[in-house]
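Worksheet: one structure, shown below.
Residue numbers (this note's numbering): 680 to 1080.
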């Protein structure tokens, strides 16, 4: 199969550009003619963009923009293919342009939009594809795309909040580590050679720093190998089934940050659950999609057990309480939603509550972490100062004798 670039005009004379995969030139011309377009030019495209593990994923901003624009076009009554062609022309990112062109080609060949998107799992998640499929079935694709935009923006906001909670500690730890490395690499060796000439016993902090410097210079390669091995081993372990389960369980139980991660997971679960129910997706399919997108394997496993209970005919609030992960507030709101028939509204309200709670928790963590970091930094600075200035003071005393 080759890829062909083409320029056509529709019945109103509007110029449209696009790409299509086909075995030969004549097949492309026949398909365009069958679609009611008048071919202007058809050229074989040599520089096909391929997607593999070395290509970064589509940015979340590009996905939000794509969803918003496609929703506006569908809502305005523009044909789907014409809308996709226009989005392809406007796309600045080459990877996004290639994805849109491939989706357009698949639709021309008779594939539905949801199935065409499902062929790009690194761009469109199972949540995204399932909601598009529901929109196609109900004839509410524009509304579904609007909700997907809101969901994607919500996911972006959650990531930003996690980064905000960990940014300050990361910066401080990086600065301290960098200062420590510079000290033991350039400063301590010079002082060590000077102090050794006096034949006096050096203070303990200085001896510790000299020992670290010796290990750093003589066995640095062992440290690098050990660090890389530990990092790779940890990465491999948390990508196994049992490893990911234990790691995600640990994340929501670790002191200080565990509460934050749990609240973020509950907020994501509530928002996605409410949006899916509001979009007309059946409850079992909603639970399945939510379990795959909640972002925590431990909670996902609890949701899968919840699915089994729902399949047997029980409600949601009871098994949700038995899961032992969700807060009483979530259980109560789900129970009220089931009884009132407004489960989607209740879940969105839960998400809004936890959004505010997450923001409060982040601010509280920042306030709590700052004194700890200040004490740690003070301790490190004191240790390094003693390691350098104590022998200098001893040396000054010797020179005065």
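Think of the CB as a built atom: it goes at the ideal place given N, C-alpha and C, for glycine as much as any other residue.
- Following the DSSP letters along the chain, one finds residue 950 inside the alpha helix (DSSP H) bounded by residues 936 to 957.
- Taken through DSSP and simplified to helix, strand or coil, residue 993 comes out as coil.
- With respect to residue 942, residue 1033 sits close: the two C-beta atoms are nearer than 8 angstroms.
- The beta-bridge partner set that DSSP reports for residue 696 consists of 686.
- Contact between residue 804 and residue 972 is confirmed by a C-beta separation of about 6 angstroms, below the 8 angstroms threshold.
- With the rule of 3 Cβ pairs closer than 8 angstroms, the segment 972 to 983 counts as touching the segment 942 to 956.
- The Cβ atoms of residue 1015 and residue 1025 sit closer than 8 angstroms to each other.
- Sixteen is the threshold: since fewer than 16 other Cβ atoms of the shown chains lie within 10 Å of the Cβ of residue 907, the residue is exposed.
- In the structure shown, residue 717 adopts extended strand secondary structure according to DSSP, grouped into three states.
- Residue 1022 holds the alpha-carbon nearest to the alpha-carbon of residue 959 among 745, 882, 1022 and 928.
- Cβ-Cβ distances below 7 angstroms link residue 827 to 746, 807 and 810 in the same chain, with the five nearest sequence neighbours on each side left out; the list follows chain order.
- For residue 927, the uninterrupted alpha helix (DSSP H) segment begins and ends at 920 to 930.
- Counting C-beta atoms within 10 angstroms of its own C-beta, residue 898 has fewer than 16 neighbours from the protein chains shown and is therefore classed as exposed.
- In chain order, 999 place their CB closer than 6 angstroms to the CB of residue 1005, counting only its own chain and leaving out the 5 sequence neighbours on each side.
- Three or more pairs of CB atoms, one per stretch, sit closer than 8 angstroms, so the segment 883 to 903 contacts the segment 845 to 865.
- Residue 685 sits buried, since 16 or more C-beta atoms from the chains shown fall within 10 Å of its C-beta.
- Note: residue 722 is bridge-paired with 684 in the DSSP secondary-structure output.
- Residue environment for residue 950: buried (at least 16 other C-beta atoms within 10 angstroms of its C-beta).
- By the criterion of at least three beta-carbon pairs nearer than 8 angstroms, the segment 1041 to 1052 is in contact with the segment 839 to 856.
- Ranked by Cα distance from residue 1036, the first of 939, 825 and 768 is 939.
- For residue 792, the enclosing alpha helix (DSSP H) has its first and last residue at 792 to 797.
- Judged by DSSP in its simplified three-state form, residue 1068 adopts helix.
- By the Cβ criterion, the segment 751 to 764 is in contact with the segment 692 to 701, since at least three pairs of Cβ atoms, one from each stretch, lie closer than 8 angstroms.
- Taking all protein chains in view, the Cβ of residue 716 is crowded by 16 or more other Cβ atoms within 10 Å, so the residue is classified as buried.
- Residue 739 sits exposed, since fewer than 16 C-beta atoms from the chains shown fall within 10 Å of its C-beta.
- Residue 787: member of the alpha helix (DSSP H) spanning 773 to 787, first to last residue.
- Counting only the Cα atoms, residue 783 lies some 18 angstroms from residue 720.
- Within 10 angstroms of the beta-carbon of residue 901 lie fewer than 16 other beta-carbons, which makes it exposed.
- Annotation: residue 991 to residue 925 spans about 28 angstroms, alpha carbon to alpha carbon.
- Between the segment 816 to 834 and the segment 767 to 774 there are fewer than three inter-stretch CB-CB distances shorter than 8 angstroms, so the stretches are not counted as touching.
- Here residue 767 carries a helix assignment [DSSP, helix/strand/coil].
- For residue 805, the uninterrupted alpha helix (DSSP H) run begins and ends at 805 to 817, by DSSP.
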